[in-house]
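Asks:
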Amino acid sequence: MPKKNEIQIQFLSHSINEAFARVSISAFVAQLDPTVEEIYDIKMAVSEAVTNAIIHGYENKEGIVTVKCSYEDKWVEIEIIDEGKGINSVEEAMTPLYTTSLEEERAGLGFTVMQEMMDEVEVCSHPGLGTTVKMKKSLGK
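Position one of the sequence shown corresponds to residue 263 (the working numbering), numbered consecutively onward.
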């Protein structure tokens, strides 16, 4: 098995594709023989990031979501990228219970879940240009 590997997938911003992203990334990471808990954490974090891109980034408009995943040794890095509306205040958006979806029932815990499941979470966003969420996890701690 190579010590370094990477993939990239793209799909339309349809909510049904969230499951595709979650399963694809977990299958790729399975090459590293992670624990069940590590796979669960990665799948949850990917689900939250992709859901945010679809619901908040594109707001019912069709766009492309890009998911990149790489590993080197036991470090996994995942990027979820959209070219949607962006986030005005990343700091505010990362506050637990904060949501911009007032018409829908949203808990506002997406970034909190990502931070809990992964070792590092970094969000880069520019209004009108989109958002990139980078997450890292070390396997086999």
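All residues carry an ideal CB built from backbone N, CA and C; glycine is no exception.
(1) Whose C-alpha, out of Leu274, Asp295, Asp335, Ile304, is nearest the C-alpha of alanine 315?
(2) Mapping the DSSP letters down to three states, classify glycine 434 as helix, strand or coil.
(3) Please report the straight-line C-alpha distance between serine 387 and alanine 311, rounded to a whole angstrom.
(4) Using the rule of at least 16 other Cβ atoms within 10 Å of the residue's Cβ for burial, across every protein chain shown, is glycine 402 buried or exposed?
(5) Are the Cβ atoms of threonine 307 and methionine 376 separated by less than 8 Å?
(6) Determine the extent of the alpha helix (DSSP H) in which glutamate 334 is found, giving its start and end residues.
(7) Spatial neighbours of serine 240 within its chain, please: CB distance less than 7 Å, with the 5 preceding and 5 following residues excluded, ordered by chain position.
(8) Going by the CB atoms, is the gap between glycine 348 and glycine 390 shorter than 8 Å?
Replies: Taking the coordinates as given:
(1) Closest by alpha carbon: Leu274.
(2) Shown here, the chain extends from 263 to 403; a query on residue 434 therefore has no answer.
(3) Each residue's Cα considered, the two are about 13 Å apart.
(4) exposed
(5) Note that residue 307 is alanine in the sequence shown here, rather than threonine. Result yes, Cβ atoms of alanine 307 and methionine 376 sit closer than 8 Å.
(6) Taken as a continuous stretch (DSSP letters only), glutamate 334 belongs to no alpha helix (DSSP H), being part of the beta strand (DSSP E) at 326 to 334.
(7) In this structure the chain extends from 263 to 403, so residue 240 is not present and cannot be described.
(8) With contacts defined as CB atoms closer than 8 Å, glycine 390 and glycine 348 qualify as a contacting pair.
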